[in-house]
Amino acid sequence: MAVPKTLGIETEFGIVHRGVADPNPITASSLLINAYLSRRAEPGAGPGAPRVGWDFIDETPGVDARGFAHMSGLVPEIETHLVNAVLTNGARYYVDHAHPELSTPECADALSVVRYDRAAELILIESMEAANEILPEDQELVVYKNNSDGKGNSYGCHENYLMDRATPFWRIVQHATTHFVTRQIFTGAGKVGSEAPWKTLDEVPFQLTQRADFFEEEVGLETTLKRPIVNTRDEPHADPLLYRRLHVIVGDANLCEVATFLKVGTTAIVLAMVEDDFLDPRLTVVDPVRALQAVSWDTGLAEPLLLGDGRTATALDLQWELLEASQKYLLQRGTAAVGGVVAEQVVGRWESVLASLEARPEHLLGVVDWITKRHLLEGFRARHGLEPDDVRLAALDLQYHDLRPERSLFARLAAETLVDPRDARTAMDQPPDDTRAFFRGRCLQRWPGSVIAANWDSMVFEVGSESLRRVPMMEPTRGTREHVGTLIDECDTVVELLERLAT
Amino acid sequence: MVEREHKQRGTGERTEGETSEVAAIPASSDGSHRLKEELDDLLDEIDEVLESNAEEFVKNYIQKGGE
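The structure is reproduced here in structure tokens:
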């Protein structure tokens, strides 16, 4: 049965250190994050980022959802020595391999995800400002919210959805794959050219997504090599008998708020339908890796995809089918598991965006990233009479994602917003009310000196001079403001909090 | 082809579906209006802020290691 879709996004950002001969991205990422943490830890800076480290005790990224015992060569390394902080909004901000990465706190609906994704951008912007104050005049750190360097290197924007452990994994693979292949028509962030070695710029001058070129498998545990459309990392960060966490690695990082909203909102509903076995079992795509790329490479949205039962359909056709199933699902089963009234907003907006994609894509400027970026590229190319391989087009593509407010091309567009900028700013420091992130964030605000470490499903407090207490948080929907808000407010000390939690 | 039940759609406007009537977020936006009408102004701005040495910028944008 569909469980409440607790969800979140983890974004790896591109980083450039200008003004140095031999830039080291790990050093640059560490400097960026430490500069932010230091600034926020200054007296009077407000409740932003006490220096609390991440707790790795429960991290098991090598466990496979299909039940395999993992081989050591496949297990992602956990880099415990690099900067890794927990913020008072419940987020995790850290160096992952060679990138700064920010995981939003657990959210209860798609609109909340958009708010915390916006807050993440503001945190990265403030980090750049703080770092550049420290660096010599002729150096600068610049952060990009994209997923490819245009040279065959990709970095991720991963989504996470809480799911019912009882749902057979093969059913998730079957139906989620259909959505992942076809949702690209509104989730794509757009890219000049292709990084698939056999595709020329003549064949693919522009495509829907940043990521599709990099996928080689239907299902698998990897995230950096032979990337799979459905990732099997089985690390629920919650009660493993009740839940799994679907770790989705196939998406692009979006700048358009509506795109982020639909990316997570539609996926949450599709996954709830998978849990309730509500979808037509014929809704499967043959050779999904080829289909993923064919959809991304076809800006005309006309590519016919072969379905499991021998029919053909376009990505748009299949999205209409998924939308209609979702509308029926919400009517019959209600919205409780998929974000309440926000789920109705998702479905309403999903419908209007599909209609626009079909007839008037120009209505989606500032709504869908690939259409917005293509509009700018085409205008720029026509104005300057550029050839398709002109490097200025590739530069424009990159700079669309530049997060510096004065340089970002996206920021100049007055794109549609769903979140009040003041709410996004508040979300830099304040956790969401309606998930366990509230408990994590509020405890960090109240007792930063007593929190020794935290992770997704527990916190470690110091009580007295030598004693540590771990508080498990295995249920993502508990620890909300409703559950513990008053309790935390009433307690003066951590000792008192732990005593009252135990009774 | 998949049987389509939504042939009346495709006007670019939201149709009044039963679920989408409730609390739908408006489909049109000032943003898309500005983007269409003011492309020339935007292109002027892009000319001003685009990295001055595009070749060097693109060449040096290398991101190894991730995920």
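Heads up: the protein sequence lines correspond to chains A and B, in order. If you read the first sequence in the numbering used here, its first letter stands for residue 1, the second for the next number, and so on. If you read the second sequence in the numbering used here, its first letter stands for residue 1001, the second for the next number, and so on. Ideal placement from N, C-alpha and C gives every residue a C-beta, glycine not left out.
Rounding to the nearest angstrom, what Cα-Cα distance links residue i and residue j in this structure?
{"i": "A:Gly-379", "j": "A:Ser-352", "result": "26 angstroms"}
{"i": "A:Cys-256", "j": "A:Arg-425", "result": "17 angstroms"}
{"i": "A:Arg-436", "j": "A:Gly-479", "result": "4 angstroms"}
{"i": "A:Ile-26", "j": "A:Gln-210", "result": "23 angstroms"}
{"i": "A:Val-20", "j": "A:Gln-139", "result": "7 angstroms"}
{"i": "A:Ile-134", "j": "A:Ile-15", "result": "17 angstroms"}
{"i": "A:Asp-317", "j": "A:Pro-288", "result": "16 angstroms"}
{"i": "A:Trp-198", "j": "A:Ala-394", "result": "19 angstroms"}
{"i": "A:Ala-28", "j": "A:Ala-130", "result": "13 angstroms"}
{"i": "B:Ile-1062", "j": "A:Ser-194", "result": "16 angstroms"}
{"i": "A:Arg-66", "j": "A:Gly-190", "result": "33 angstroms"}
{"i": "B:Glu-1048", "j": "A:Ala-415", "result": "20 angstroms"}
{"i": "A:Asn-146", "j": "A:Cys-491", "result": "43 angstroms"}
{"i": "A:Phe-13", "j": "A:Leu-497", "result": "37 angstroms"}
{"i": "A:Val-286", "j": "A:Val-192", "result": "27 angstroms"}
{"i": "A:Arg-171", "j": "B:Glu-1051", "result": "47 angstroms"}
{"i": "A:Ser-103", "j": "A:Trp-456", "result": "10 angstroms"}
{"i": "A:Asp-545", "j": "A:Gly-152", "result": "With chain A covering 1 to 503 only, the question about residue 545 of chain A has no answer from this structure."}
{"i": "A:Gln-184", "j": "A:Glu-358", "result": "14 angstroms"}
{"i": "A:Pro-421", "j": "A:Glu-121", "result": "11 angstroms"}
{"i": "A:Ile-367", "j": "A:His-401", "result": "Per the sequence shown, the amino acid found at residue 367 of chain A is Val instead of Ile. If you take the alpha carbons of A:Val-367 and A:His-401, they lie about 15 angstroms apart."}
{"i": "A:Asn-515", "j": "A:Val-143", "result": "Nothing can be reported for residue 515 of chain A: it is not among the residues displayed for chain A, which extend from 1 to 503."}
{"i": "A:Leu-444", "j": "A:Ser-467", "result": "18 angstroms"}
{"i": "A:Gly-449", "j": "A:His-247", "result": "33 angstroms"}
Anyone know if the C-beta pair for residue i and residue j falls short of 8 angstroms?
{"i": "A:Ala-238", "j": "A:Pro-476", "result": "yes"}
{"i": "A:Gly-8", "j": "A:Pro-431", "result": "no"}
{"i": "A:Thr-267", "j": "A:His-179", "result": "yes"}
{"i": "B:Glu-1067", "j": "A:Ile-229", "result": "no"}
{"i": "A:Ala-427", "j": "A:Arg-115", "result": "yes"}
{"i": "A:Asp-164", "j": "A:Glu-275", "result": "yes"}
{"i": "A:Met-273", "j": "A:Ala-325", "result": "yes"}
{"i": "A:Tyr-33", "j": "A:Val-95", "result": "Looking at the sequence itself, residue 33 of chain A is Ile, so the reference to Tyr does not match. Yes, they are a contact pair."}
{"i": "A:Arg-446", "j": "A:Val-460", "result": "no"}
{"i": "A:Asp-202", "j": "A:Gln-293", "result": "no"}
{"i": "A:Tyr-329", "j": "A:Ile-269", "result": "yes"}
{"i": "A:Arg-360", "j": "A:Leu-262", "result": "no"}
{"i": "A:Phe-439", "j": "A:Met-473", "result": "yes"}
{"i": "A:Glu-159", "j": "A:Gly-53", "result": "no"}
{"i": "A:Asp-429", "j": "A:Arg-481", "result": "no"}
{"i": "A:Leu-331", "j": "B:Ile-1046", "result": "no"}
{"i": "A:Lys-5", "j": "A:Tyr-155", "result": "no"}
{"i": "A:Gly-441", "j": "A:Thr-88", "result": "yes"}
{"i": "A:Pro-100", "j": "A:Leu-124", "result": "yes"}
{"i": "A:Leu-271", "j": "A:Ala-176", "result": "yes"}
Which whole-angstrom value is the C-beta distance of residue i and residue j, which I expect to be below 8 angstroms?
{"i": "A:Asp-369", "j": "A:Ala-259", "result": "5 angstroms"}
{"i": "A:Val-3", "j": "A:Tyr-243", "result": "7 angstroms"}
Within its chain, find whatever has a CB closer than 8 angstroms to the CB of residue i; leave out the 5 residues flanking it on each side and keep chain order.
{"i": "A:Thr-314", "result": "Leu-301, Ala-302, Glu-303, Pro-304, Leu-305"}
{"i": "A:Gly-340", "result": "Asp-109"}
{"i": "A:Arg-374", "result": "Gly-190, Phe-206, Thr-299"}
{"i": "A:Val-173", "result": "Glu-218, Val-219, Val-230"}
Looking only at its own chain, which residues have a Cβ that is under 7 angstroms from the Cβ of residue i, when we skip the five neighbours before and after it?
{"i": "A:Val-495", "result": "Val-463"}
{"i": "A:Leu-418", "result": "Leu-111, Val-114, Glu-257, Val-258, Phe-261"}
{"i": "A:Pro-281", "result": "none"}
{"i": "A:Gly-188", "result": "Leu-208, Thr-209, Asp-252, Ser-296, Asp-369, Trp-370"}
{"i": "A:Leu-241", "result": "Arg-165"}
Excluding sequence positions up to five away, which residues of its chain have a Cβ less than 6 angstroms from the Cβ of residue i?
{"i": "A:Gly-265", "result": "Ala-110, Val-346"}
{"i": "A:Gln-399", "result": "Leu-409"}
{"i": "A:Pro-205", "result": "Pro-388"}
{"i": "A:Gln-319", "result": "Thr-182, Leu-354"}
{"i": "A:Val-484", "result": "Phe-439"}
Report yes or no: is there a C-beta of chain C within less than 8 angstroms of the C-beta of residue i?
{"i": "A:Leu-135", "result": "Absent from the structure is chain C; the protein chains it does hold are A and B."}
**Message:** Any C-beta of chain B within less than 7 angstroms: which residues of the segment 388-404 of chain A qualify?
**Reply:** Val-391, Arg-392, Ala-394, Ala-395, Leu-396, Leu-398, Gln-399
**Request:** Closer than 7 angstroms, Cβ to Cβ, to anything on chain A: give me those residues from the segment 1035-1051 of chain B, in chain order.
**Result:** Leu-1035, Lys-1036, Leu-1039, Leu-1042, Leu-1043, Glu-1045, Ile-1046, Val-1049, Leu-1050, Glu-1051
**Item:** Interface residues of the segment 5-17 of chain A facing chain B [CB-CB below 9 angstroms]
**Value:** Within the segment 5-17 of chain A, those residues whose Cβ lies closer than 9 angstroms to any Cβ of chain B are, in chain order, Glu-12, Gly-14, Ile-15, Val-16.
**Asked** Got a sec: which bits of the segment 148-167 of chain A sit with their beta carbon under 9 angstroms from any beta carbon on chain B, in order along the chain?
**Response** Ser-148, Asp-149, Gly-150, Lys-151, Asn-153, Ser-154, Tyr-155, Gly-156, His-158
**Request:** Pull out every residue of the segment 358-387 of chain A whose Cβ sits closer than 8 angstroms to any Cβ of chain B, in chain order.
**Result:** Glu-358, Ala-359, Arg-360, Glu-362, His-363, Leu-364, Leu-365, Gly-366, Val-367, Thr-372, His-375, Leu-376, Gly-379, Phe-380, Arg-383
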